[in-house]
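>
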Amino acid sequence: MLKHAASLLTLCILFLLAGLLPAAISLFSTLSDGPALTSFITGFNLRAFFNTMVMGLAVGLSACVAGFTIAYTIVNTKGFASKTARTIFPIALFAPSVMPAIGLIYLIGNNGLIIQTPLYGATGVFLGALVFTLPHATLQLLLSLERLDAGLILAARSLRASPLKGFLTIILPHCRAGLINAFLIAFVLTVTDFGVPKLLGGNFSMLATEIYNQAIGNQDWATAGFLSLWLMLPCILAFYFTSKYPMTVAQAGDIPARPFSEHPIGWSIAAWLFLIFEASCVLVVIYGSFVTFWPYVPEMTLANYSFKNSTYGIDPWINSFVLATSVAAIGTIVSFVGAYLTRRVKNIPPALTKLFSATALLPLCIPGTVLGLAFALAFSGCSIFASATGAMTLLVFNTLIHLYTVAHITAGNTFSQIDPRYETVGESLGVSPLSTIRLVILPLCKTGLGEVFCYLFASALTTISAVVFLYTPETMPAAVAAIQMIDSGFISEGAAMSTLIFVSALAVRIIVLQISQTK
Numbered sequence: 039m040l041k042h043a044a045s046l047l048t049l050c051i052l053f054l055l056a057g058l059l060p061a062a063i064s065l066f067s068t069l070s071d072g073p074a075l076t077s078f079i080t081g082f083n084l085r086a087f088f089n090t091m092v093m094g095l096a097v098g099l100s101a102c103v104a105g106f107t108i109a110y111t112i113v114n115t116k117g118f119a120s121k122t123a124r125t126i127f128p129i130a131l132f133a134p135s136v137m138p139a140i141g142l143i144y145l146i147g148n149n150g151l152i153i154q155t156p157l158y159g160a161t162g163v164f165l166g167a168l169v170f171t172l173p174h175a176t177l178q179l180l181l182s183l184e185r186l187d188a189g190l191i192l193a194a195r196s197l198r199a200s201p202l203k204g205f206l207t208i209i210l211p212h213c214r215a216g217l218i219n220a221f222l223i224a225f226v227l228t229v230t231d232f233g234v235p236k237l238l239g240g241n242f243s244m245l246a247t248e249i250y251n252q253a254i255g256n257q258d259w260a261t262a263g264f265l266s267l268w269l270m271l272p273c274i275l276a277f278y279f280t281s282k283y284p285m286t287v288a289q290a291g292d293i294p295a296r297p298f299s300e301h302p303i304g305w306s307i308a309a310w311l312f313l314i315f316e317a318s319c320v321l322v323v324i325y326g327s328f329v330t331f332w333p334y335v336p337e338m339t340l341a342n343y344s345f346k347n348s349t350y351g352i353d354p355w356i357n358s359f360v361l362a363t364s365v366a367a368i369g370t371i372v373s374f375v376g377a378y379l380t381r382r383v384k385n386i387p388p389a390l391t392k393l394f395s396a397t398a399l400l401p402l403c404i405p406g407t408v409l410g411l412a413f414a415l416a417f418s419g420c421s422i423f424a425s426a427t428g429a430m431t432l433l434v435f436n437t438l439i440h441l442y443t444v445a446h447i448t449a450g451n452t453f454s455q456i457d458p459r460y461e462t463v464g465e466s467l468g469v470s471p472l473s474t475i476r477l478v479i480l481p482l483c484k485t486g487l488g489e490v491f492c493y494l495f496a497s498a499l500t501t502i503s504a505v506v507f508l509y510t511p512e513t514m515p516a517a518v519a520a521i522q523m524i525d526s527g528f529i530s531e532g533a534a535m536s537t538l539i540f541v542s543a544l545a546v547r548i549i550v551l552q553i554s555q556t557k
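First residue of the sequence shown: 39, per my numbering; consecutive thereafter.
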């Protein structure tokens, strides 16, 4: 096959290790240079850890219940209702986590449109995290339910089993892996998120914001590093259980998807309440971005999009767009090269393949806040990253490492679905491997390439935790700028910046889908 495949895979490994090893060494050296570890175990730090774990559990369980309700309704309805629900539920995937937080302030904050409540604290963090994680949980459970053989439900009915018994003995056991994955994803996203607790946390301390306060506010890097290890612990446990309960694949053959519930009315009402709540938290921010000054001057205007009250103007959005495009382009290429070499090339030593696979999975265990802090400790003193171009390069490198695992897994799954005999046929016909890849493999991977590109672009555009320690005034990302605008009292301008992020991510998604579907 490829003459230098082993060397190319080695370069991929070195690329990942270049980001992971220096960051890990710097983080642990900061701990070793600090005071005794027992000095970090204070009542305040323990409370932040306890709050984070309890919030992660509460949001994880709630997201599973709400996500299952939505997925169950989508599978059991047809026509316009099902298509509309499928369109609405992923809406928060394209928004930064600050966007649902702003939406909650508009809807149920001190000057809310619906009710006026003391939103800041545990309640605000819970609701914001639930909106932020709901589409992720729904997607996992929708995949599980769509793979359920409806014939099993019909067989249970013919045996006169009650609907409740069929639900408990057939549907729930089938969705066990999906429920576990949905819970773990929602849990990890909640405990590692920075945007929601920063805006809505109030006096309710969370580990992600406390790490930031210690590092940036108090310049106490040792305490920040110690809290980072606490934050890594639940992520490592979640990674272990995710690998233990992988998503199952349907065993029923080519059975067409069809509804398996005769009375989904109750499910539908609950599902639409969740969907309306999620969509309202996003759409009201778009409305608020056109309000002159919320809530005191309700007249509509476009002035918020000039960002005249911000020092940086529109530059943060441009920075985020450059960051997202760079991460998506480089990440798509690197992930597909690595996945192709490990899945399709036969002459690479197995030990090297296993080393790359293990290295590619490591970023999944590291929260963005921890990775960003470690990068700041490892590379902040390097003169090469002092310029605006160098600082943007560091942001791209950090974000790419942070998001790489999902891109690698998606690329690997894409190659697993392609007949492995294409390369053999091409070789027997005397066609060069590169020609086979260009003419056969890449066209077959077009959809997978588009999915990886869209994931990397949207995630890089909306990320906060991975970049909050690394940006400079010249490279400030849009999501961070939105938080600063809101902290300064200009919530309408923060809503406008969040809307730009949302529209950009959604527009790129639509464009890439159109390109990938063209023949």
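No residue lacks a Cβ here, since even glycine has one placed at the ideal position from N, Cα and C.
According to DSSP, is E512 helix, strand or coil?
Numbered from its first residue, the sequence shown carries residue 512 at position 474. Coil, per DSSP.
> Helix or strand or just coil, what does DSSP make of F225?
Sequence index remark: in the sequence shown, residue 225 carries index 187 (1-based). The answer is helix: DSSP assigns F225 an H, G or I state.
> Does the segment 521–539 come into contact with the segment 482–489, if we say contact requires no fewer than three beta-carbon pairs (one atom in each stretch) closer than 8 Å?
No contact exists between the segment 521–539 and the segment 482–489.
> Rounded to the nearest angstrom, what separates E461 and T391 at their Cα positions?
Residue mapping note: residue 461 aligns to position 423 of the sequence shown, counting from 1. Residue mapping note: residue 391 aligns to position 353 of the sequence shown, counting from 1. Distance between the alpha carbons of E461 and T391 is about 19 Å.
> If you compare alpha carbons, which of G141, N148, C102 is closest to H174?
Counted from its first residue, the sequence shown places residue 174 at position 136. If we check each option's Cα against that of H174, C102 comes out closest.
> Taking Cβ to Cβ, would you say G326 is nearer than 8 Å to S530?
The residue you call residue 326 lines up with position 288 of the sequence shown. The residue you call residue 530 lines up with position 492 of the sequence shown. It is a contact, given that the beta carbons lie within the stated cut-off.
> Identify the continuous beta strand (DSSP E) that holds V335 and give its terminal residues.
Counted from its first residue, the sequence shown places residue 335 at position 297. Unbroken beta strand (DSSP E) run through V335: 335–338.
> In chain order, what residues of the same chain lie with their CB nearer than 7 Å to the CB of I352, ignoring the 5 residues before and after it?
Taking the sequence shown and counting its residues from 1, one reaches residue 352 at position 314. If we look at I352 and ignore the five residues flanking it on each side, its Cβ neighbours are F345.
> Taking T330 as part of the alpha helix (DSSP H), name the residues at either end of that continuous run.
Position 292 of the sequence shown, counted from the first residue, corresponds to residue 330. Premise fails: T330 lies in the beta strand (DSSP E), 329–331, not in any alpha helix (DSSP H).
> Okay, do the segment 85–97 and the segment 437–444 touch, 3+ Cβ pairs below 8 Å being the bar?
Contact between the segment 85–97 and the segment 437–444 is absent, because fewer than three Cβ pairs lie under 8 Å.
> Roughly how far, in whole angstroms, is the beta-carbon of T247 from the beta-carbon of G239, given that I think they are within contact range, below 8 Å?
Here the question's residue 247 lines up with position 209 in the sequence shown. Here the question's residue 239 lines up with position 201 in the sequence shown. Confirmed, about 6 Å.
> Sorted by chain position, which residues of the same chain lie with C-beta nearer than 7 Å to I422's C-beta, five sequence neighbours on each side aside?
For the purposes of this step, residue 422 is identified with residue 384 of the sequence shown, where counting begins at 1. Excluding residues within five positions, the ones whose Cβ falls inside 7 Å are G428.
> Should the segment 105–120 be regarded as contacting the segment 254–269, the criterion being three or more beta carbon pairs within less than 8 Å?
Because the criterion of three Cβ pairs below 8 Å is not met, the segment 105–120 and the segment 254–269 do not touch.
> With distance defined between alpha-carbon atoms, name the residue in P481, A520, A449, A412 nearest to T556.
In the sequence shown, the residue the question calls residue 556 occupies position 518. That would be P481, whose Cα lies nearest to the Cα of T556.
> Could you check which residue in N149, N241, Y110 has the C-alpha nearest to that of C213?
Numbered from 1 along the sequence shown, position 175 holds the residue referred to as residue 213. Closest by alpha carbon: Y110.
> State the Cα-Cα distance for the pair L237 and A220, rounded to the nearest angstrom.
Taking the sequence shown and counting its residues from 1, the one referred to as residue 237 is at position 199. Taking the sequence shown and counting its residues from 1, the one referred to as residue 220 is at position 182. Answer to the nearest angstrom: the Cα atoms are 25 Å apart.
> Could you tell me if L311 is buried or exposed, where buried requires 16 or more neighbouring beta carbons within 10 angstroms of its beta carbon?
As a working mapping, residue 311 is identified with position 273 in the sequence shown. Flag for L311 reads exposed.
> So, is M430 buried or exposed, given that buried needs 16 or more other C-beta atoms within 10 angstroms?
Residue 430 sits at position 392 when you count from the first residue of the sequence shown. Buried, by the Cβ-count rule.
> The alpha helix (DSSP H) that contains T349, what's its start and end?
Here residue 349 is taken as the residue at index 311 of the sequence shown, counted from 1. Careful: T349 lies outside any alpha helix (DSSP H) and carries neither H nor E.
> As an exercise, report each continuous alpha helix (DSSP H) stretch of at least 4 residues that is fully enclosed by the segment 132–193, in chain order.
Those alpha helix (DSSP H) runs which fall completely within the segment 132–193 and span 4+ residues are 136–146, 160–184.
> Taking V322 as the reference, which of S454, L151, R382 has the closest Cα?
For the purposes of this step, residue 322 is identified with residue 284 of the sequence shown, where counting begins at 1. Ranking S454, L151, R382 by Cα distance to V322 puts L151 first.
> Going by DSSP in three states, G57 sits in which element: helix, strand or coil?
Here residue 57 is taken as the residue at index 19 of the sequence shown, counted from 1. DSSP places G57 in helix when its eight states are reduced to three.
> Leaving aside the five residues before and after E489 along the sequence, list all residues of the same chain whose C-beta is less than 7 Å from its C-beta, in chain order.
The count along the sequence shown starts at 1 and reaches residue 489 at position 451. T448, listed in sequence order.
> DSSP three-state label for Q552, please.
On the sequence shown, position 514 is the one that residue 552 refers to. Helix, per DSSP.
> Between the C-alpha atoms of F106 and Q178, what's the straight-line distance to the nearest angstrom?
In the sequence shown, residue 106 corresponds to position 68, counting from 1. In the sequence shown, residue 178 corresponds to position 140, counting from 1. Spanning the two alpha carbons is a distance of roughly 9 Å.
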